[in-house]
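What follows is a short report on a single structure.
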Amino acid sequence: MAKNGDLFGASGGSKKQSAAKDTSYTARDIEVLEGLEPVRKRPGMYIGGTDERAMHHLVAEVLDNAMDEAVAGHADTIHLEMLAGNSVLIRDNGRGMPVDPHPKFKNKSALEVILTTLHSGGKFNSKVYATSGGLHGVGASVVNALSDELEVEVARDRKSWTQKFSRGKPKSKLISNGPANNRRGTTVTFHPDPEIFGKIQFSPERLYRMARSKSYLFRGVEIRWKCDKSLLPKDGSIPAEETFHFAGGLKDYLVSEIGTRPTVVPTPFAGEAKSDGNAKVEWAVWWPTDEEGFIRSYCNTVPTSDGGTHESGFRSALVRGLKRYADLTGNRKGSIITADDVIDGSAGLVSVFIEQPQFQGQTKEKLVSVEATKIVEGIVGDNFEHWLVGDKEAGNVLLEHVIAKAEERVRRKQDREQQRKTATRKLRLPGKLADCSSSASIGTEIFLVEGDSAGGSAKAARNRETQAILPLRGKILNVASASADKLRENQEVQDLIQALGCGTGATYSDDRLRYEKVIIMTDADVDGAHIASLLMTFFYREMPKLIENGHLYLAQPPLFRISKGGKTEYAQDDAQKDEIVRGQFGGKAEITRFKGLGEMQSVHLRETTMDPTKRVLLKVDVPTAANTTEGTDGRREEMRTRTLVEDLMGRKPEKRYAFIQENAKFARDLDV
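If you count the sequence shown from 1, position 162 lands on 1549 in the numbering used here, and the numbers rise without skipping.
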């Protein structure tokens, strides 16, 4: 018998242990990131990513610090300059960063602590900054961490100091530059680190808009823009130098934005007021008659692109004020007004200044401070009522305009609900239909896809409110060669007819069509094209008015996904794929061929084929006497179309054979 040592001895056990992967988890595995290492390790946590938007956010962080000095009453001029080599300079004439030794770090100046330590700064103390855009003490240090070169010059107490940094660490000590008798403030010059942002360049257009927008958010500041001439766009759309100063604040900006466009009332509703505490609200709203408007909101000069509680208060204030004015004037129709009736189509700006605001995320794109709703609603609502009463002519015109919009909204809703109820009552909806939740036909669409697999991907990728999915089993019946009995007995055809709800032939009614768009979405191959042709034949023969009225479309799913690094493109055929690989990827890239819609991830299907903001649809059209050349030529074109459909899809195979023989010489790159 073998000894235990022979079976489980140190030698044999050691070999097995060394061969196995070490999966132990001990204190040695705990990584401690010091200083600004967390920022460089996970930049997305602090600026939302490493793309162009994130890199421009670095400028916003430094500019916000300068604006905080202006809002606090210590600066009135800010310089924003684009330098050659992808660097940016921002200068203010405020108090200047403190340069004396920090009490907790005897060997470091306060300036160095601010630039190299997370959660350090003067924004935590409301005595220093009553309201500010920087709250977490990470802005300046994050910019420093993500820059390979950063230099700060401070003019303070009639003296000047300079210190240089790189990737969050000092490259030099704080150096005295001697007297600075006639100037004060802070100048920050930085260059984003290519290790983080790659080859991304600052956009003059984007920074120019940023400088302009900041100037109207605080009427007490003047912002001077300058850009190296080598960086300017050739079309002359951006000047090399310009000074921004909106003495009237948001109202001035809104008037410049609307320009000469006609408006419902002659002047905007605009103003500013303070609350009982330190909060301040400024607003401006106008109603252009073309109803091409916008709503933009800000907190402590920081743009909140996703809105938030202050924007909710703004909406509530306007609808409340208009309803109260309707009660005051005895107009009972005011009761049907909603916030959307008042806001949609308007051009509105609202800016709040509050202590210690709370944002959703470090990039501050949405305000979540609960008190902001009450502050804005109270201040704007009271002033709106006074404005309406003070100019009753304008108030009555605006009220009638909004009531007309509300009545039209109610009427459309009632009409569509009645149409939908009628269609639903008369038709049994097929079980495989994944219907959309919207009760209106306008704005909705149905995707006709092949099989449950493609249907599953499409359902996961769709917008449930406006997009419906109907999976069809295999190749639909060729209605051009099928008898009437087969047509009635075919379940797929009947499911399609029932889902659309508009009837066929002489019973077709465009008013009963349950969706605005009918989209054929099949695989990007020969089988997919065959299914699409069968479906188009069905609509051409059974519902020609659906095509004539512009409801039928073909989706354009890609056949290839081409990627390299972080860049991804899509191609619909081999020729486009080869062109993209050569032109955009230098001849080398990872290529994925989609076997079908059912094999595509829902995110890829959504962004390439189903998202209305990104997709490309082909509208199906057929020539008729009505939409082509008038008279004999139009009727002849319509007849040719009917003949072609009959030849290719009808009951006589010899017609198809003859067509193939005549046109085979034109075929190229068949996917078989």
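Ideal Cβ placement from N, Cα and C applies to all residues, glycine included.
Which residues bound the alpha helix (DSSP H) around residue i?
i: V1575; result: It is not in any alpha helix (DSSP H) - V1575 instead sits in the beta strand (DSSP E) that spans 1572-1579.
i: P1944; result: Unbroken run through P1944: none, as it is neither H nor E.
i: G1380; result: The chain is shown from 1388 up to 2059; residue 1380 falls before or after that span and cannot be answered.
i: S1528; result: 1526-1532
i: N1936; result: Premise fails: N1936 is in no alpha helix (DSSP H) and is neither H nor E.
i: A1634; result: No alpha helix (DSSP H) holds A1634; DSSP gives it neither H nor E.
i: Q1878; result: 1878-1887
i: N1718; result: Counting along the chain, N1718 falls outside any alpha helix (DSSP H), and DSSP gives it neither H nor E.
i: L1505; result: Per DSSP, L1505 belongs to no alpha helix (DSSP H) and is neither H nor E.
i: S1989; result: 1989-1992
i: N1452; result: 1439-1458
i: G1985; result: Run containing G1985: none; DSSP gives neither H nor E here.
According to DSSP, residue i sits in a beta bridge with which residue or residues?
i: F1746; result: L1754
i: E1659; result: E1669
i: L1857; result: L1835
i: K1613; result: E1468, E1628
i: A1958; result: F1947
i: Q1963; result: In the DSSP output, where bridge partners are listed per residue, Q1963 has none listed.
i: Y1685; result: P1690, S1738
i: K1556; result: S1553
i: K1546; result: R1543, P1566
i: P1488; result: S1496
i: K2006; result: Y1940
i: A1821; result: I1856
i: T1650; result: P1675
i: I1978; result: I1949
i: L1537; result: F1552, F1577
So residue i and residue j are supposed to be a Cβ contact under 8 Å. How far apart are they, rounded?
i: L1786; j: L1709; result: 6 Å
i: T1955; j: N1865; result: That pair is no contact at about 38 Å.
i: E1499; j: P1425; result: That belief does not hold up - the Cβ atoms of E1499 and P1425 are roughly 18 Å apart, past 8 Å.
i: S1844; j: L1941; result: About 18 Å; that fails the 8 Å criterion.
i: Y2081; j: G1765; result: It is not possible to answer for residue 2081, since the shown part of the chain is limited to 1388 through 2059.
i: A1911; j: P1944; result: 5 Å
i: T1894; j: I1884; result: At roughly 10 Å, the Cβ-Cβ gap does not stay under 8 Å, so T1894 and I1884 are not in contact.
i: T1573; j: V1608; result: With 8 Å as the limit, T1573 and V1608 do not qualify as a contact, their Cβ atoms being about 15 Å apart.
i: M1997; j: Q1854; result: 7 Å
i: V2009; j: I1934; result: 6 Å
i: R1948; j: F1981; result: 7 Å
On the criterion of 16 or more Cβ atoms from any shown chain inside 10 Å, does residue i qualify as buried, or is it exposed?
i: D1487; result: exposed
i: S1496; result: buried
i: H1697; result: buried
i: D1882; result: buried
i: S1826; result: exposed
i: S1547; result: buried
i: I1829; result: exposed
i: A1532; result: buried
i: T1437; result: buried
i: F2065; result: Nothing about residue 2065 can be reported from this structure: the residues present for the chain run from 1388 to 2059 only.
i: S1643; result: exposed
i: L1835; result: buried
i: E1418; result: Any reading at E1418 needs caution, since the residue's pLDDT is 46, under 50, leaving its predicted position unreliable; the model's value is listed next. Exposed, since its Cβ has fewer than 16 Cβ neighbours within 10 Å.
i: E1582; result: exposed
i: D1455; result: buried
Start and end of the beta strand (DSSP E) containing residue i?
i: I1907; result: 1904-1907
i: Y1927; result: Counting along the chain, Y1927 falls outside any beta strand (DSSP E), though it belongs to the alpha helix (DSSP H) covering 1913-1929.
i: V1608; result: It is not in any beta strand (DSSP E) - V1608 carries neither H nor E in the DSSP assignment.
i: S1474; result: 1474-1479
Let me check understanding here. Comparing Cα to Cα, which of the options lies closest to residue i?
i: K1975; options: K1982, E1966, G1983; result: E1966
i: G1555; options: K1428, A1713, D1912; result: K1428
i: R1851; options: C1823, H1444, R1860; result: C1823
i: I1562; options: V2009, Q1959, K1551; result: K1551
i: L1637; options: A1671, R1599, G1623; result: A1671
i: Y1685; options: K1800, M1908, S1756, D1544; result: S1756
i: G1460; options: G1481, A1916, A1666; result: G1481
i: S1733; options: D1714, T1654, T1574, A1666; result: T1654
i: L1922; options: I1863, C1889, E1879; result: I1863
i: G1818; options: A1793, A1791, E1794, I1856; result: I1856
i: E1592; options: P1620, M1997, E1879; result: P1620
i: L1604; options: G1953, N1770, L2004, A1457; result: A1457
i: S1840; options: M1454, T1909, G1777; result: T1909
i: Q1959; options: K1982, R1969, L1946; result: L1946
i: D1728; options: R1707, S1534, L1775; result: R1707
i: G1646; options: K1661, E1679, A1666; result: E1679
i: H1466; options: H1632, A1666, W1774; result: H1632
i: T1503; options: P1999, K1761, V1530; result: V1530
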